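Letter 334 of the sequence shown, counting from 1, is numbered 361 in our numbering, and no numbers are missing. Every residue gets a Cβ at the ideal spot worked out from N, C-alpha and C, and that includes glycine. Keep in mind it's a predicted model, so treat the numbers as computed, not measured. These notes are about the structure you will find just below.
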Amino acid sequence: MVDELDDLRARLDNLEKERPKNSLLIKETDGHHHMEPVRVLADGTDKGFVFEQDFIGADVVREAWPDNRKATIRIRGGGAACMDYFIKPEWANEVAAGRGTEGQTINDGFGGSFLVYSEPIAAALHAKNNRTTAGLGTVFFVCGGDYTLSASVEASTGGTLQTHRWVGVGPDRVKFLAGGNNLDLFVCNGEGAGSSTDPTFYVENIGFGANGKSNVRFLVNESAAEVHWFHNRVDAGAAADNECMVAGNDSRGTYIEHNYLTGTNGIGINMATEGFVYIHQNNIQLLATGIQIAASAHYMIADNELYQNDVGISIGGNGFQTNAAILDNQITLPSTAGSRGIQFRAGTNINGWMGITDNVISNISGTNVGIDTLTATGAIILGLRIQDNTLESSAEPANAKGITGPTNATNVVNSMLSGNTFVDFLSGNEYPDWGTGNGNEAYHNMSTSDDSTPVKNALPDIGFPVGHAASGTPIDDMKWAADTELTIASGVITVTQSHHTIDTQADAGTDDLDTINGLVANQLYFLYPASDARTVVFKHGTGNIECIGNADLTLDDAHDFVWAFSPDGSTVYAFTVPPAKGIGLPVIGTPTYTNVEDLNTVFHSAGWVNGGTISKPGGANIDVSAGDGMLRASDSPIAQLKFIEWPA
Numbered sequence: 028m029v030d031e032l033d034d035l036r037a038r039l040d041n042l043e044k045e046r047p048k049n050s051l052l053i054k055e056t057d058g059h060h061h062m063e064p065v066r067v068l069a070d071g072t073d074k075g076f077v078f079e080q081d082f083i084g085a086d087v088v089r090e091a092w093p094d095n096r097k098a099t100i101r102i103r104g105g106g107a108a109c110m111d112y113f114i115k116p117e118w119a120n121e122v123a124a125g126r127g128t129e130g131q132t133i134n135d136g137f138g139g140s141f142l143v144y145s146e147p148i149a150a151a152l153h154a155k156n157n158r159t160t161a162g163l164g165t166v167f168f169v170c171g172g173d174y175t176l177s178a179s180v181e182a183s184t185g186g187t188l189q190t191h192r193w194v195g196v197g198p199d200r201v202k203f204l205a206g207g208n209n210l211d212l213f214v215c216n217g218e219g220a221g222s223s224t225d226p227t228f229y230v231e232n233i234g235f236g237a238n239g240k241s242n243v244r245f246l247v248n249e250s251a252a253e254v255h256w257f258h259n260r261v262d263a264g265a266a267a268d269n270e271c272m273v274a275g276n277d278s279r280g281t282y283i284e285h286n287y288l289t290g291t292n293g294i295g296i297n298m299a300t301e302g303f304v305y306i307h308q309n310n311i312q313l314l315a316t317g318i319q320i321a322a323s324a325h326y327m328i329a330d331n332e333l334y335q336n337d338v339g340i341s342i343g344g345n346g347f348q349t350n351a352a353i354l355d356n357q358i359t360l361p362s363t364a365g366s367r368g369i370q371f372r373a374g375t376n377i378n379g380w381m382g383i384t385d386n387v388i389s390n391i392s393g394t395n396v397g398i399d400t401l402t403a404t405g406a407i408i409l410g411l412r413i414q415d416n417t418l419e420s421s422a423e424p425a426n427a428k429g430i431t432g433p434t435n436a437t438n439v440v441n442s443m444l445s446g447n448t449f450v451d452f453l454s455g456n457e458y459p460d461w462g463t464g465n466g467n468e469a470y471h472n473m474s475t476s477d478d479s480t481p482v483k484n485a486l487p488d489i490g491f492p493v494g495h496a497a498s499g500t501p502i503d504d505m506k507w508a509a510d511t512e513l514t515i516a517s518g519v520i521t522v523t524q525s526h527h528t529i530d531t532q533a534d535a536g537t538d539d540l541d542t543i544n545g546l547v548a549n550q551l552y553f554l555y556p557a558s559d560a561r562t563v564v565f566k567h568g569t570g571n572i573e574c575i576g577n578a579d580l581t582l583d584d585a586h587d588f589v590w591a592f593s594p595d596g597s598t599v600y601a602f603t604v605p606p607a608k609g610i611g612l613p614v615i616g617t618p619t620y621t622n623v624e625d626l627n628t629v630f631h632s633a634g635w636v637n638g639g640t641i642s643k644p645g646g647a648n649i650d651v652s653a654g655d656g657m658l659r660a661s662d663s664p665i666a667q668l669k670f671i672e673w674p675a
């Protein structure tokens, strides 16, 4: 045979005449194998056609036949002997010419055989009806070409615990195209929900296309089979109801890896009432929803690239979604309004553990949200853990949010945020309302700017996180972040953390502080002067600062400090432990003596303090010089004693 092949190839190099009738050659011309008509000459003998096809390192060679009789196919190498069905669209031409039949048996040259079909539906049906031995493995090898399908490829086994493997020569060369609307294009059928006899299906290196059709589901597993979908490409097209991959009905396991899913609408992976699902290293882009989950458990979504889908990952449904992990994904949002990186849908009621960790969610702009729990009704309990994610915005958009908190105390409970980094968000938009809930915590999160010298700011903790005291237990170790300096500008500062030094505007000797912006509700602040050489005066009632004692607080040394507490994020109450001279007393007029130190100096009842010299210049009058004294408001020993002054 080798000599004949060498002879045939030599003839092809010297083609000069038209090929004889009913002869055809298929040869390799561009690094792949496909059919190409050629001219055959030599001694006029019709060599028929030769056919070569790579399969796991082997060649399939179809040799000559005389007088238009059925052709033969022979194998060189070892890999092709592994297949049971050989599917190639050009085989239909041979059948039409009477040189072959659909399902023709071909000897593989190694004591075995395989069947040849021109399309996959008939091959799948034949396997279901004829390969019925329990535990049997079946391999379908699909050659390059467009297969327009008006019905489903029903990949269904005829025996228990079987394995079916569908292998294409590449998703860019093998294309299963929808031939109509309302179609499940490739269906993996098992024996029954949760059955221990369910089969296993592998589908790899095959392309799928919408072909302009709608309501098409391209790869479907809803019959409790174990499926492995590897290295496939699906273009869902523009129809909103198209779905690239569908997994459901509590299968024995679904493994979706290294696929490329795209379109301009529809869903990439739709998983409902499913368990034991592994979605890994897929590229999903430009769809309405990248991955949609409903009432599923024991799943992992890891290392995927979700690029400019309106919603990257959408979670919903009622069920015990335990042991669910969403980690190490790269999610890039489009600028489309309403886009979400990870979203909990309305109607969600999840009882279980779920971790969202180590993801990067970028391009959060406009009114969009990185991780959104606002629409989740019901409860996500027993620990929704959002940890160590990076959420990136740009230029601090006014309404973009990092992680939204629940709308009321029943939405998200017993859950926590920790170790997340928020890049270039407007202060307060990192995780608004997260503290609204029962048992929720947030700690060790930080924000940073998005420039060449980013500023890292620790965000406020919520609840009683690890290392902090539990409710009702005294706190015995409180550590502040390092202070950062704020400079008064027209009487205003904007806090960005709990610990700041304050400097005067343009290093003035003294400066009034009227208003503090950037406040967070129920947050305590520790503030003090940046320099001994300059004085900061907290003004009572001028702006949003209310000082203890209804009087200004003057800080003229670096070791003077103010505690400031905001109950609502708008008003701040300032208090300190000043020296006696810093504690004001009620007065009448503008006397020289106004504070507790003055009171201690002249500690006695109503009367004279200084001044008030009496002189008689003559006549009936006397002169009294200006002075200070004390006077009770009424004739009572317990009436308030006030400092007074009198003019000359």
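Below 6 Å CB to CB, which residues in the same chain sit around residue i once its five sequence neighbours on both sides are set aside?
{"i": "isoleucine 615", "result": "Lys669 and Ile671"}
{"i": "asparagine 309", "result": "Asn286 and Asn331"}
{"i": "leucine 288", "result": "Val261, Cys271, Gly295 and Ile311"}
{"i": "phenylalanine 449", "result": "Leu418, Gly429, Glu457 and Ser474"}
{"i": "valine 519", "result": "Thr542"}
{"i": "proline 116", "result": "Ser145 and Gly172"}
{"i": "phenylalanine 245", "result": "Leu212, Phe235, Val261 and Cys271"}
{"i": "cysteine 215", "result": "Ala182, Phe228, Asn248, Ala252 and Val254"}
{"i": "threonine 190", "result": "Gly164 and Thr227"}
Spatial neighbours of residue i within its chain, please: C-beta separation below 7 Å, excluding the five flanking residues on both sides.
{"i": "phenylalanine 565", "result": "Leu540, Ile572, Cys574, Asp579, Leu580, Val589 and Ala601"}
{"i": "alanine 557", "result": "Glu512, Thr528, Ile529 and Asp530"}
{"i": "leucine 188", "result": "Ala161, Gly162, Thr224 and Pro226"}
{"i": "serine 241", "result": "Asn208, Ala266, Asp268 and Asn269"}
{"i": "glutamate 129", "result": "Val122, Tyr144, Ser145 and Ala149"}
Three-state secondary structure (DSSP) at residue i?
{"i": "lysine 155", "result": "helix"}
{"i": "isoleucine 615", "result": "coil"}
{"i": "glutamine 131", "result": "strand"}
{"i": "proline 147", "result": "helix"}
{"i": "glutamine 319", "result": "strand"}
{"i": "isoleucine 575", "result": "helix"}
{"i": "leucine 658", "result": "strand"}
{"i": "leucine 52", "result": "Confidence at leucine 52 is low in this model, with a pLDDT of 40, below 50, so the placement of that residue should be treated as unreliable; the coordinate-derived value is given next. Three-state result, leucine 52: coil."}
{"i": "aspartate 399", "result": "strand"}
{"i": "cysteine 170", "result": "coil"}
{"i": "threonine 533", "result": "Note on identity: in this sequence residue 533 is alanine, with threonine being the wrong assignment. Note: alanine 533 maps to helix in three-state DSSP."}
{"i": "isoleucine 671", "result": "strand"}
Look at residue i and residue j and say whether their C-beta atoms are less than 9 Å apart.
{"i": "isoleucine 233", "j": "phenylalanine 168", "result": "no"}
{"i": "isoleucine 340", "j": "glutamine 319", "result": "yes"}
{"i": "isoleucine 369", "j": "isoleucine 391", "result": "no"}
{"i": "leucine 142", "j": "isoleucine 133", "result": "yes"}
{"i": "isoleucine 398", "j": "serine 442", "result": "no"}
{"i": "serine 177", "j": "leucine 152", "result": "no"}
{"i": "glycine 275", "j": "alanine 237", "result": "no"}
{"i": "phenylalanine 371", "j": "threonine 400", "result": "yes"}
{"i": "serine 525", "j": "glutamine 550", "result": "yes"}
{"i": "glycine 446", "j": "histidine 471", "result": "yes"}
{"i": "aspartate 337", "j": "arginine 367", "result": "yes"}
Using 9 Å as the limit for Cβ to Cβ distance, is residue i near chain B?
{"i": "alanine 535", "result": "Going by chain labels, chain B is absent from the structure shown, which holds only one protein chain."}
Taking residue i as part of the beta strand (DSSP E), name the residues at either end of that continuous run.
{"i": "valine 122", "result": "Unbroken run through valine 122 is the alpha helix (DSSP H), 118 to 123; no beta strand (DSSP E)."}
{"i": "serine 389", "result": "387 to 391"}
{"i": "lysine 428", "result": "428 to 431"}
{"i": "aspartate 539", "result": "537 to 540"}
{"i": "leucine 333", "result": "332 to 334"}
{"i": "alanine 205", "result": "201 to 205"}
{"i": "asparagine 622", "result": "Asparagine 622 -> no beta strand (DSSP E), and no H or E assigned at all."}
{"i": "tryptophan 193", "result": "190 to 195"}
{"i": "phenylalanine 449", "result": "448 to 450"}
{"i": "tyrosine 112", "result": "112 to 114"}
{"i": "proline 556", "result": "550 to 556"}
Take residue i and list the residues in its own chain whose beta-carbon comes closer than 8 Å to its own, dropping the five residues that flank it on each side.
{"i": "histidine 325", "result": "Gly302, Phe303, Val304, Thr349, Asn350 and Ala351"}
{"i": "asparagine 356", "result": "Ile328, Ala329, Asp330, Asn331, Glu332, Leu333, Gly339, Ile340, Asn386 and Val387"}
{"i": "valine 547", "result": "Gly455, Pro487, Ser593 and Gly596"}
{"i": "serine 661", "result": "none"}
{"i": "glycine 536", "result": "Ala560, Arg561 and Thr562"}
{"i": "asparagine 292", "result": "Ala263, Gly264, Ala265, Ala266, Ala267, Asn269, Leu314 and Ala315"}
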